[in-house]
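Protein chains in written order, with our numbering: chain S, 788 to 1142; chain R, 267 to 559; chain G, 135 to 399. Virtual Cβ for every residue (Gly too), placed ideally from N, Cα, C. This structure is a prediction, so every number in the text was calculated from the model and none was measured.
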Amino acid sequence: MFYQEAGQFSTRYAQDRRVFRLRQDRYGLVALLLLAFVGVPYLGNDYWFSAILIPFLVLSLAGLGLNLLTGYAGQLSLGSAAFMAVGAFATYNVELRVPGSPLLLSMALGGGVAALVAVLFGLPSLRIKGFYLLVSTLAAQFFVTWALTRFSWFSNNSASGVISAPRLEILGVDLSSPVGRYLLTLGVVVTLFWLGKNLVRSELGRNWMAVRDRDTAAAVMGIALLKTKLLAFAISGFFLGVAGALWAFTYLGTVEPHGFDLNRSFQILFIIIIGGLGSILGNFLGAAFMVLFPVLLSNLVALLPAGLIDAGQMENLQKMAFGALIIVFLVKEPEGLARLWKTFREQARVWPLRY
Amino acid sequence: MEFFFEVLIGGLLAGVMYALVAIGFVLIYKASGVFNFAQGAMVLFSALTFVSLLERGVPFWLAFGISLTAMVLLAVAVERVVLRPLVNRPPITLFMATLGLSYVIEGFAQALWGAQVHGLELGISDEPLELGGMLLSQFDIFAAVTAAVLVLALSLLFNKTRIGLSLRAVADDPLAALAVGIRLQRVWVLVWAVAGFVGLVAGLLWGARLGVQFSLSLVVLKALPVLIIGGFTSISGAIVGGLIIGASEKLAEVYLGPVIGGGIENWFPYVLALLFLLVRPAGLFGERAIERV
Amino acid sequence: MTQTQAKATQVEHLLELENIGVSFKGVNAVTDISFAVVTGEICALIGPNGAGKSSLLNVINGVYQAQEGRIRFAGQEHRRMRPHDVAVRGIARTFQNIALFKGMSVLDNVLTGRTLKRRSNWIEQALRIGRAAGEDDRQREAAERVIEFLHLQPWRDTLVGKLPYGLQKRVELARALAAEPRLLLLDEPMAGMNADEKQQMSRFIVDINRELGTTVVLIEHDIGVVMGISDHVVVLDYGRKIGDGPPDEVRQSPEVIAAYLGTRH
């Protein structure tokens, strides 16, 4: 009864096209944004910013990047972490070698470089379909991590290949505090999600889904497969690159190749599987799950008699629980948490009736 | 020149071991239509079980038998819990399920047996053998011979026995096989058991070479380039693919390595496979799927 | 010159096939096929299963390349074209086994059909500036026209995968129509339909032809439908043409009867 749409009609196409057609949804979104930009900085503490919110936001963005490529365009990829690494290192190098470059521009350029690398490893998608495409992105994953460690130019000749993040400031405002980093991340993520949402609902997004569902039919209708696929790699690479830069600069504070290994790629893939392939909201849900689940699990274990499960076992337990959850999701709810949310909303619309 | 051959043969021998691992994948792909990402974890699990039993004083063949049984039980459980509920889904979904499965099995294996590296002694000396002026590892030769024998046995199984015929039928068209009275469940369990056996042997050989540890599963990932080159559905393809990957990897490491930098064997097989795919999208021996519009 | 002869010289052949031959790894799908489709007519391609009809459609469409022969569309040579180029030329088609984008709604599927009519590029669309601004409305209007034409309004937001078979076929037709094609290729548009659905689909096809002026080439097995709505029938058997002409003429040809139509017992 609170969530119903009685009395809200669209009289023009533009109204029908809105992302949030219900007034309640629009108010909800505004409230959420206010909470995120204004409320949380006041109420949150440093731990929440540094350990929960920032990784949550960055992982959402990374999930979005992969989702555009895999969930919408149907090109399976296991190289997400590699593209993140490229973005992180490229941003670092731009900041380093182009003095006075604004932070946001450096990140955009870093994303751009990641986009180019992604396109390079995405070229085979024109000849290879489906599962075999994995090889290309796997090659990217291993090659990039090797190259970044091997050629010390990337890490400014530091001995271990690890570098620390540059100063975070925009227009003279220092953003290196936890709140500052949080707001920077939030701003970037919200902007890119807005862009992503527009893309997904545009002709390009439809073309991606067409290529995903039936590419021969798509070609027959005049969709340019080459351009569509490569754009998917490029835009996905850009998003992942920016996410990588954020991950390194606002979350970790350092940049090193080994944090962007195959396990990270799997992590991003899991986020979008659990969150929901081909969904925008799903990225947030999957990332939230990924960040909160370990915390939840360790809290649960803390309830058990002390010493029953030690720290090492915790990791194994987490691994097993994760894997099991992936399987459960794939079996029971292949469209992920996003679908669960949708179902919940649909029930809310007719509440207190049943259907 | 002799050095070249030495490196080449070393690579080929390693390649046979890759082929062995790849055959496990081929078997499962043929029977269940899925690239079993969890194969690596299963190999690790079986090798860990074997080694841990040995360390606790269990005699060799008993430990082998127990590990094999464990693998078979694991296979049956996987088929029931993971494969059956997902039977009609697209292959991507199945692949992702095996991804999740690999996490479960890895976590379980390490929870059970611990995460340290275990050395594995198979009783074969590592002294190099001199053959025609070249130094070859005795162990590598032994591994190659074992693998070859296994491959031969498998080919005989597939091509000359009635069970083999049923296996091929199921691989080709499960519904049709069902229609002629083949018991799918039995066949699947059998295939996974055989794959488990192959996996165990491969795990032992690789484990003796590298030590039984976590990175074993990464070695198994190399099976993907092998399968790309050789095709996912052919055992002979797996052999040829394994040899090509093994040899080229070694050669690249020795000849290209000093030029570009060490550690290229991490990505070289993948790039090679990629180039291959661009020329032959279905691999050397694989079946070209004809898309009916 | 008689009136019909004068008319014949004025009439344009939209599609001309000359000696088309297609083979797959040595197996001939079609051999030496020649016929012409007049602009604005409904031309039916009939024949037993395996006669090569779908292959012929795939050739016209650019999905297969013919090994021999020539195709002319609207006077222009048409060899070695990829599906994308064929679509640009103004040819749209439906598929025998529905090739809809199952993950999208009816409206979205129809909108994908409008892809060639778009002028804005993806950047403009992402930032919602420039040409993208008014275009969404225009594309939606065009899609709605097609949806209205085929009576699909109640299902415009439904996920295509959830629709019954008959409706899916209609959506595929809508998607093809959305491109405003000059030539529409229909591959068994009525397969699996009952008598009522077939009637409805036939009416739609005739409407498309008469009201929109679209030339139609369709493959169909229901001879009643074929004889009822087509202006021109081409009969294939074992990859060869055994009949070509107006329905009445073809219906009485002894070869066609022997191969396909059968005789009254």
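Check: Against W933 of chain S, what residues of chain R qualify as contacts under a CB-to-CB distance less than 9 Å, listed in chain order?; Outcome: G527, G529, I530, N532, W533
Check: Excluding sequence positions up to five away, which residues of its chain have a Cβ less than 8 Å from the Cβ of E557 of chain R?; Outcome: With a pLDDT of 49 at E557 of chain R, under the threshold of 50, the modelled position of that residue is not reliable, and the figure given next carries that caveat. So no residue of the chain qualifies.
Check: Check whether chain S comes within 7 Å of V368 of chain G, counting only Cβ atoms and requiring the distance to be less than that.; Outcome: no
Check: Thinking just about the alpha-carbon of each residue, which of G:L149, G:E314, G:N153, G:V161 is nearest to the one in T173 of chain G?; Outcome: G:L149
Check: Considering only residues of the same chain and omitting the five flanking positions on each side of V280 of chain G, which have a CB-CB separation below 7 Å?; Outcome: V244, A308, L311, A312
Check: What would DSSP say about N183 of chain G, mapped onto helix, strand or coil?; Outcome: coil
Check: Evaluate T932 of chain S with the Cβ neighbour count: other Cβ atoms within 10 Å of its Cβ, from every protein chain shown; 16 or more gives buried, anything less gives exposed.; Outcome: buried
Check: Consult DSSP for T143 of chain G and reduce its assignment to one of helix, strand or coil.; Outcome: Note that T143 of chain G scores 43 on pLDDT, short of 50, meaning its location in the model is unreliable and no value can be drawn from it.
Check: Is the region 409 to 423 of chain R in contact with the region 269 to 289 of chain R, if contact means three or more CB pairs nearer than 8 Å?; Outcome: yes
Check: According to DSSP, which residues form a beta bridge with H440 of chain G?; Outcome: Shown here, chain G extends from 135 to 399; a query on residue 440 of chain G therefore has no answer.
Check: Which stretch, first to last residue, makes up the beta strand (DSSP E) that contains R204 of chain G?; Outcome: 202 to 207
Check: Let me see if you follow: with CB-CB separation under 7 Å, is M1107 of chain S close to chain R or not?; Outcome: yes
Check: How would you list, in chain order, the residues of chain S whose beta-carbon sits under 8 Å from the beta-carbon of Q400 of chain G?; Outcome: In this structure chain G extends from 135 to 399, so residue 400 of chain G is not present and cannot be described.
Check: By the criterion of Cβ-Cβ separation under 9 Å, what are the contact partners of S318 of chain R in chain S?; Outcome: Neighbours of S318 of chain R on chain S: none; closest Cβ ~15 Å, over 9 Å.
Check: Span of the beta strand (DSSP E) holding D271 of chain G?; Outcome: Counting along the chain, D271 of chain G falls outside any beta strand (DSSP E), though it belongs to the alpha helix (DSSP H) covering 266 to 283.
Check: Of the residues that make up the region 989 to 1004 of chain S, which ones have a beta carbon closer than 8 Å to any beta carbon in chain G?; Outcome: S989, E990, L991, R993, N994, M996, A997, R999, D1000, R1001, T1003, A1004
Check: Taking all protein chains shown into account, do 16 or more other C-beta atoms lie within 10 angstroms of the C-beta of Q404 of chain R, making it buried, or fewer, making it exposed?; Outcome: exposed
Check: Measure from the alpha carbon of I1058 of chain S to the alpha carbon of each residue in S:L1117, S:A1019, S:L910, then state which is nearest.; Outcome: S:L1117
Check: Rank G:G362, G:I363, G:G377 by C-alpha distance to the C-alpha of V369 of chain G and give the top, closest one.; Outcome: G:G377
Check: Taking the alpha carbon of A1004 of chain S as the point to measure from, which residue in G:R216, G:K375, G:V161 has its own alpha carbon closest?; Outcome: G:R216
Check: Within 10 angstroms of the Cβ of P1139 of chain S, are there 16 or more other Cβ atoms? Answer buried if so, exposed if not.; Outcome: exposed
Check: Could you pull the start and end residues of the alpha helix (DSSP H) that K516 of chain R belongs to?; Outcome: 501 to 517
Check: If we count Cβ pairs, one from each stretch, closer than 8 Å, do we get three or more for the region 243 to 262 of chain G versus the region 997 to 1014 of chain S?; Outcome: yes
Check: For a minimum of 4 consecutive residues, which ranges assigned as the alpha helix (DSSP H) are wholly contained in the region 832 to 915 of chain S?; Outcome: 841 to 853, 867 to 884, 890 to 909
Check: Between G1028 of chain S and chain R, is there a C-beta pair that is closer than 7 Å?; Outcome: no
Check: The beta strand (DSSP E) that contains G379 of chain G, what's its start and end?; Outcome: 374 to 379
Check: Assuming contact is defined by CB atoms lying nearer than 7 Å, are L856 of chain S and S864 of chain S in contact in what I supplied?; Outcome: yes
Check: Can the beta-carbon of W995 of chain S be found less than 7 Å from the beta-carbon of V845 of chain S?; Outcome: no
Check: Under 7 Å, Cβ to Cβ, is there at least one residue of chain S near A140 of chain G?; Outcome: Bear in mind that the predicted position of A140 of chain G carries a pLDDT of just 43, short of 50, making it too unreliable to give a figure here.
Check: In whole angstroms, what separates the C-alpha of L1127 of chain S from that of S1066 of chain S?; Outcome: 12 Å
Check: Whole-angstrom Cβ separation of D341 of chain G and A185 of chain G, contact assumed at under 8 Å?; Outcome: With 8 Å as the limit, D341 of chain G and A185 of chain G do not qualify as a contact, their Cβ atoms being about 29 Å apart.
Check: Tell me, please, whether the CB atom of P323 of chain G is closer than 7 Å to any CB atom in chain S?; Outcome: no
Check: Could you pull the start and end residues of the alpha helix (DSSP H) that V244 of chain G belongs to?; Outcome: 240 to 247
Check: If I'm right that A539 of chain R touches I495 of chain R with Cβ under 8 Å, what's the distance once you round it to whole angstroms?; Outcome: 6 Å
Check: Going by other Cβ atoms of all chains shown within 10 Å of its Cβ, with 16 needed for buried, is F836 of chain S buried or exposed?; Outcome: buried
Check: What residues in its chain sit with their C-beta under 7 Å from that of K984 of chain S, if we drop five residues either side in the sequence?; Outcome: V806, I1067
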